[in-house]
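Using this note's numbering, the first residue of the sequence shown is number 449, and each one after it goes up by one.
Cβ atoms here follow ideal geometry from the backbone N, Cα and C, with glycine treated the same way.
Quick caveat, the model's predicted, so the values are computed rather than measured.
Written out below as structure tokens is the structure these notes cover.
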Amino acid sequence: MTASDTNMNSKEPQVHAAQEGPDDHLPSTGPVFKASKKEKWGIWISFALLCYIQSLCSFTLGVYLITAAEVFNGLTQYNTVTVVQAVIYGVANVAFAKIADVFGRPMVLAGSILFFALGTIVLSSANFISSLSAGMIFYSIGNTGINFAVNLVLADLVPADWRCTANNLTMLPFVLNFAVGPRITAALVPHQWRWGIGMFAILMPATTIPIAFFMYRIERKAGRIGTRKLSRAMLHNGMKQIDLIGLFLLMIGFGLLLLPLTIADQAPKGYKSGYIIAMFVLGGVSLIVFPFVEARIPKPAIDIPRLLRLHAPKDLFVATFVNMMDAISVMISYAPAYNWVIITFGWSVQNATYFLQAGSLSVVIFGIVGGLIATRTKRYKWLAVFGSALRLLALGLMYRYRGPESTAFQVVFPQVLQGIGGAVMTANLQVAVQIAVPHADVAMVTGIFLMCVGVADGVGSAIAGALQQNLLHSLQDHLKGTNETVIATIYAQGPLALADYPLGSDVREETVAAWTDNTHQILTAAIVVAAVGLLSSLLLEDHLLPEKHNRVTSEEVGLMLPTVYNDVKEPGLELDSPPGDEEARQQVMA
């Protein structure tokens, strides 16, 4: 599959001490371990099954959750919880990066699947918007860990020049689910949505546990040639490395800055309300204090001084910023799309799901093409610029054709074009970040990159949520003379409240006009953000994608040894090495 497969014939994991390149002034965390042929096949087969189930989940779960929120009369609260989800998604990525480095990749998967299973169980049994919100939080933590593990395993095992292609190949199951998913949601929505969520409590663990097992097996085998026995002192030291204080400050900071954007309209005095101002102040102070606290922690979650010493801040900053602008604009435009098309055209749940996922389908199909172009040319900058330009063009077309007079083609094509732009851009930006640092730091920078994407999703959802609150005023303007209870119900329940008002009726026509006005406001914000992203993409460096792990060292691909085995030095701590294996032990500990 990749250049890393050339060493698949060994029965024992191969060990390679990390080597420093000319641009790396700091030592790597530990040695790199390569898997046997059987272990690699086990990982990749399980990985393929996981990608399929994860694709099906991401394809259908959003429809189930929106339906549940409408049933519980909590569409506005649902938008608020999506902001909380995005914040957790962002901060959790940095936490999972630390866990992966300290305790190993298998531990990330094991912990993530526990949260995922708990979340889906709570969601499928929810009877109120409050319990649905709690399930969304648990699900978000678990799903974040699984997503992070997928990205990190690919970064570990795939050379830089093939990594974008591999990242996009993980989304290939989406093509099948594009046909299957809407049929499933149509059969289960609106009355049997619980079954749709509950099945993932079984399917996801069944596909994730085998990957964790194979990676744990590789680490255990590696223990025979030089790693230390895991002791209580190591566990204590490992917990100290997780940097709970820093992660807490990040969560509080981003959470208290983003939440007020969606709840301010419900406050007595809006943004002038005391608790809204307090949230903004506390959030800002937390983020200001964060770097000073991190500077005093021996092994912080985000090691800014190390990144500066690696001479990679521009690569990291520009690629991350461009991706953040893209994520914000996409989330803004994505928020009203599903309900808008049902309200405006009366499309079925199945057809509306096809419409909602049209962009994602084009991401998959053209993403593989974009990845192969990057592999062939070994360049990523101009692909990213081209993708940013397509994203902006697509948003402009959305603004033009978001109206009841548009044809189905005019409505769907901008979604497809937006997906093509993302296909040739986002995966390349992640690879650009990963190749700017040694293998020892790839988990950290991947966590930072995905954290920023999560925060950007939260910002996009918060902006869309804040703008969508104007919908109530628009409905009141267009539905003058209509009962206030009816207006409030339409605002809270969306399409479900319009079942008694068919297309062509006065209430339906005025509701369509209100939604169209509000959608144009939302898309205007998305266009402005996308324009900033396009201009920023021109600042990307045009580095070569190497045929190894990264561009700053000569390291090969493979799994990293958790630092918990290496960081504690105390009397009586023995090495678990068999007799006659001193040479291998010296290589590992070098």
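The C-beta distance from residue 990 to residue 829 rounds to 4 Å, short enough to fall under 8 Å.
Sequence-distant Cβ neighbours of residue 816 in its own chain, meaning closer than 6 Å and more than five residues away, are 616. When only Cα atoms are considered, residue 823 and residue 656 end up about 28 Å apart. Within the same chain, and ignoring the five residues on either side of residue 503 in sequence, the residues whose Cβ sits closer than 6 Å to its Cβ are 621, 622 and 625. The beta carbon of residue 977 sits closer than 6 Å to the beta carbons of 773, 776 and 777 from its chain, once the five residues preceding and following it are set aside; these are given in chain order. Burial state of residue 972 is exposed, judged by a 10 Å Cβ sphere holding fewer than 16 other Cβ atoms.
With contacts defined as CB atoms closer than 8 Å, residue 913 and residue 613 fail to qualify as a contacting pair. Contact check for residue 596 against residue 491 fails: the beta carbons are separated by 8 Å or more. Take residue 643, set aside five residues on each side of it, and the residues of its chain with a beta-carbon closer than 7 Å to its own are 636, in chain order. Per the coordinates, the alpha-carbon of residue 975 lies some 36 Å from the alpha-carbon of residue 604. Residue 984 places its beta carbon less than 8 Å from that of residue 766.
In this structure the stretch 953-966 lies against the stretch 842-858, because at least three pairs of beta carbons, one per stretch, are closer than 8 Å.
The residues 621, in chain order, have a CB closer than 6 Å to that of residue 500 in the same chain once the five nearest residues on each side in sequence are set aside. Between the stretch 573-582 and the stretch 516-533, the count of C-beta pairs closer than 8 Å reaches three or more; the two stretches touch. Contact between residue 544 and residue 556 holds, since their C-beta atoms are separated by about 5 Å, short of 8 Å.
Between the beta-carbon of residue 860 and that of residue 793 there is about 11 Å, and that puts the pair past the 8 Å contact cut. Closest in alpha carbon position to residue 703, among 728, 715, 716 and 693, is 728.
In the displayed model, residue 873 falls within coil according to three-state DSSP, outside both helix and strand.
Sequence-distant Cβ neighbours of residue 721 in its own chain, meaning closer than 6 Å and more than five residues away, are 715.
Counting along the chain, residue 630 sits inside the alpha helix (DSSP H) bounded by residues 621-636. The beta carbons of residue 600 and residue 660 sit no closer together than 8 Å. Straight-line spacing of the CA atoms in residue 640 and residue 578 works out to 20 Å. Counting only runs of 4+ residues, the alpha helix (DSSP H) found wholly inside the stretch 936-999 occupies 954-985, in chain order. If you draw a 10 Å sphere on the C-beta of residue 995, you find fewer than 16 other C-beta atoms in it, and that means exposed.
Linking residue 889 to residue 935 through their CA atoms gives a straight-line distance of about 53 Å. Taking the Cα of residue 706 as reference, the smallest distance to any Cα among 905, 526 and 485 is reached at 905. Shown here, residue 840 sits in a helix according to DSSP, grouped into three states. Between the alpha carbons of residue 653 and residue 718 lies a gap of roughly 44 Å.
Annotation: residue 848 to residue 841 spans about 11 Å, alpha carbon to alpha carbon. Within its own chain, the residues whose Cβ lies closer than 6 Å to the Cβ of residue 870, once the five positions on either side in sequence are excluded, are 811, listed in chain order. Cβ-Cβ distances below 6 Å link residue 731 to 701, 704 and 705 in the same chain, with the five nearest sequence neighbours on each side left out; the list follows chain order. Taken through DSSP and simplified to helix, strand or coil, residue 647 comes out as coil.
Closest in C-alpha terms to residue 784, from the list 1007, 589, 942 and 529, comes 942. One Cα belongs to residue 895, the other to residue 946, and the distance between them is close to 43 Å.
Rounded to whole angstroms, the separation of the alpha carbons of residue 511 and residue 953 is 26 Å. Under the three-state reduction of DSSP, residue 735 is assigned to helix.
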